[in-house]
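Student: Numbering (mature numbering (1 follows the signal peptide of the UniProt record, and there is no 0)) for the sequence shown: -24 to -1, 1 to 366. C-beta: ideal position from N, C-alpha, C; glycine also. Okay, here's the structure, questions in a sec.
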Amino acid sequence: MKRILLKAVPVAIATAFLNAPAQAEIKVGVILSLTGPAASLGAPAKNTIDILPRKMGDEDVSYTVLDDASDPSAAVRAARKLVDEDKVDVIFGPSVTPTSLAVVEVAGQSGLPMISFAGSAAIASPVEGNKQWSYVLVAPERTMAHYVFDQMKKDGDKTLAFISFNDAFGDNITREFSAAAKEAGIEVVADERFNSKDTSVTAQALSAMSKNPDAILIGASGTPGVTPVIELRNAGYQGQIYLNQGMANPDVLRVGKDVLDGVMLSVSPVLVAEQLPADHPVKERATEYVTAYEGKYGEGSRSLFGATAWDAFLITEAAAARAKDSGAPGTPEFRKALSEQIQATNELVGAEAVFSMSPTNHNGTDLRAQTLVRIEGGKWTYVPQDQPSQ
């Protein structure tokens, strides 16, 4: 009898172990442009995912990263896989506006939050329909326009031309900047378009120059946006050239080289973290991110797109701590509560902005999310200005 009991105890323990509930794990699905025209945007985000913590508070967290090849159809397929097969609780990404707009539908229909890494306000605004589940952390076009037009006024520039992508990203840049230009008393004299895979933008550059604009803004993302700058330089354009934050990555500097000297852009302060005034609200958190990122990937490797992934983690971590009272990770209750708590984010300081969201605002940034930068000698250089309080 004693021998039988001794053998039965391990079996009982093993059975109890097998029947015990698995430890909760927050599953993060990540969709990035790791190949295709927007690869220079997806790479720093992927690098950041690799150095993120593997815990959110007391909960384990896992990341499943998929490449959408910068293609909206591929992004939708990736989102379906993450939802149906991997059972993720939240989606980080995609990297650009067209792919993000495509995934909004999947996330909304599936009832899980999506934090896009793209730069268009249209991804999460207006907050209705499927966009009730989508969030954008990058400052919107109107905030960029504030700094660009402030500088144009200082320089005495009164007319502006666009050379933009012929897609949703370019549409949003042109529409929002045009509306802000009207309010600022800046006249838009040209709106030229090109495709991200075009190898020449000569015709568009010459057409824009024929209107004699005081300044030209490039409404493109990633390295393809360098092409019109090269064409403008080759054609002898002497006015000020502005980029947008969709081009704020090291590959743009590498491809553009000295052609970009003197070009300006309104962008997240993280790009010039060490150069910020001591009282800048995101200086400390931005410097922490830069130290972590460049400590692994090398000096000068930082970009806005990596910082967005970092902030997506910070916001999700804070929201998850409050959401777990409504249900365990992996359940519809948790995902719904997670989205509601992301929406309730208040004065959370990230690497690129201070975030305060609401039921009608799924971006949560203000003027503190941008600063003006000039490219000099292949480096980002802070342009001093008055620090906004909000």
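Could you tell me which of Ala115, Tyr218 and Ser38 sits nearest to Ile351, measuring between CA atoms?
Tutor: Closest option to Ile351, Cα to Cα, is Tyr218.
Student: Thr347 to Thr119, Cα distance in whole Å?
Tutor: Approximately 9 Å between the Cα atoms of the pair.
Student: Three-state secondary structure (DSSP) at Phe289?
Tutor: If DSSP states are grouped into helix, strand and coil, Phe289 belongs with the helices.
Student: Please report how far the alpha carbon of Ala249 lies from the alpha carbon of Lys259, in whole angstroms.
Tutor: Each residue's alpha carbon lies about 6 Å from the other.
Student: Assuming contact is defined by CB atoms lying nearer than 9 Å, are Ile99 and Val82 in contact in what I supplied?
Tutor: In this structure, Val82 does not lie closer than 9 Å to Ile99 by Cβ.
Student: Where are the alpha helix (DSSP H) runs, 4 residues long or more, that stay fully inside the stretch 75 to 155, in chain order?
Tutor: DSSP runs (the alpha helix (DSSP H)) wholly in the stretch 75 to 155: 117 to 131.
Student: Secondary structure at Lys31, three-state DSSP: helix, strand or coil?
Tutor: Note: Lys31 maps to strand in three-state DSSP.
Student: So, is Arg85 buried or exposed, given that buried needs 16 or more other C-beta atoms within 10 angstroms?
Tutor: Per the sequence shown, residue 85 should be read as Gln rather than Arg. It is exposed - the Cβ of Gln85 has fewer than 16 other Cβ atoms within 10 Å.
Student: Considering just the uninterrupted stretch of the beta strand (DSSP E) at Met240, what are its terminal residues?
Tutor: Here the beta strand (DSSP E) through Met240 covers Met240 to Val243.
Student: Can you give the beta carbon distance from Val228 to Val246, rounded, assuming they're within the 8 Å contact cut?
Tutor: Wrong, their Cβ atoms sit about 15 Å apart, outside the cutoff.
Student: Taking 6 Å as the limit between beta carbons, can you name the residues of its chain near Tyr39, skipping five residues before and five after?
Tutor: Once the five neighbours on either side are set aside, the close Cβ partners of Tyr39 are Val4, Val6 and Ile25.
Student: For the stretch 278 to 290 against the stretch 223 to 237, are there 3 or more C-beta pairs whose distance is under 8 Å?
Tutor: Output reads yes: the stretch 223 to 237 touches the stretch 278 to 290.
Student: Can you tell me whether DSSP reads Lys22 as helix, strand or coil?
Tutor: In this structure, Lys22 counts as helix in the three-state DSSP scheme.
Student: Report yes if the C-beta distance between residue 435 and Leu136 is below 9 Å; otherwise report no.
Tutor: Limits of the chain in this structure are -24 at one end and 366 at the other, which puts residue 435 out of reach.
Student: Could you tell me which residues DSSP puts in a beta bridge with Phe68?
Tutor: Paired residues: Val6 and Ile91.
Student: Grab me the residues of Gly69's own chain with a C-beta within less than 6 Å of its C-beta, minus the 5 sequence neighbours each way, in chain order.
Tutor: Only Val6, Ile7, Leu8 and Phe93 meet the Cβ criterion.
Student: Exposed or buried, Ser315, counting other C-beta atoms within 10 Å across all chains shown (16 or more means buried)?
Tutor: So Ser315 ends up on the buried side.
Student: Please return the same chain residues whose Cβ sits closer than 8 Å to the Cβ of Ala299, not counting the five positions on each side in sequence.
Tutor: Result list for Ala299: Phe310, Ala313, Leu314, Glu316 and Gln317, in chain order.
Student: Starting from the C-beta of Ala184, find all residues in its chain whose C-beta is less than 7 Å away, skip the five residues before and the five after it, and write them out in chain order.
Tutor: Same-chain partners within the cutoff: Ala137, Ile139, Ala166, Glu168 and Ile192.
Student: Hey, out of Val239, Gly271, Gly132 and Asn339, whose CA is closest to Gly354's CA?
Tutor: For Gly354, the nearest C-alpha among the options comes from Val239.
Student: Could you give the C-beta distance for Ser320 and Met333, rounded to a whole number, given that I count them as a contact under 8 Å?
Tutor: Here residue 320 is Ala; the residue named in the question, Ser, does not match the sequence. Right, the Cβ-Cβ distance comes to about 7 Å (below 8 Å), so this counts as a contact.
Student: Which ranges would you report for the alpha helix (DSSP H) in the stretch 303 to 330 if only whole runs of at least 4 residues count?
Tutor: You should have 308 to 319.
Student: Can you give the Cα-Cα distance for Asp237 and Phe125, rounded to whole angstroms?
Tutor: Distance between the alpha carbons of Asp237 and Phe125 is about 20 Å.
Student: Where Val359 and Pro305 are concerned, what is the direct C-alpha to C-alpha distance, given to the nearest angstrom?
Tutor: Cα-Cα distance, rounded: 44 Å.
Student: Nearest to Val330 by CA position, among Asp342, Thr336, Asn337 and His338, is which residue?
Tutor: Of the listed residues, the one whose Cα sits closest to Val330 is Asp342.
Student: Under the three-state reduction of DSSP, which class applies to Thr341: helix, strand or coil?
Tutor: Correct three-state label for Thr341: coil.
Student: What is the rounded straight-line gap between the Cα of Ala262 and the Cα of Pro204?
Tutor: Cα-Cα distance, rounded: 31 Å.
Student: Using the C-alpha atoms, what's the distance from Asp34 back to Pro20?
Tutor: Rounded to the nearest angstrom, the two C-alpha atoms are 27 Å apart.
Student: In angstroms, rounded to a whole number, what distance separates the CA positions of Pro257 and Glu323?
Tutor: Between Pro257 and Glu323, the C-alpha separation is close to 11 Å.
Student: Enumerated in chain order, which unbroken segments of the beta strand (DSSP E) with a length of 3 residues or greater are wholly contained in the stretch 160 to 248?
Tutor: Here the runs fully enclosed are 163 to 170, 191 to 195, 216 to 218 and 240 to 243.
Student: Can you tell which of Ala78, Ser110, Gly105 and Glu104 has its C-alpha closest to the C-alpha of Pro89?
Tutor: Per the Cα distances, Ser110.
Student: Which one or two residues does DSSP pair with Arg350 in a beta bridge?
Tutor: Met240 and Thr357.
Student: What are the boundary residues of the alpha helix (DSSP H) that includes Ala(-1)?
Tutor: Per DSSP, Ala(-1) belongs to no alpha helix (DSSP H) and is neither H nor E.
Student: How many angstroms separate the CA atom of Ala(-3) from the CA atom of Ala156?
Tutor: For Ala(-3), the predicted structure reports a pLDDT of 46, less than 50, and the residue's modelled location is therefore unreliable. The matter cannot be settled from this model.
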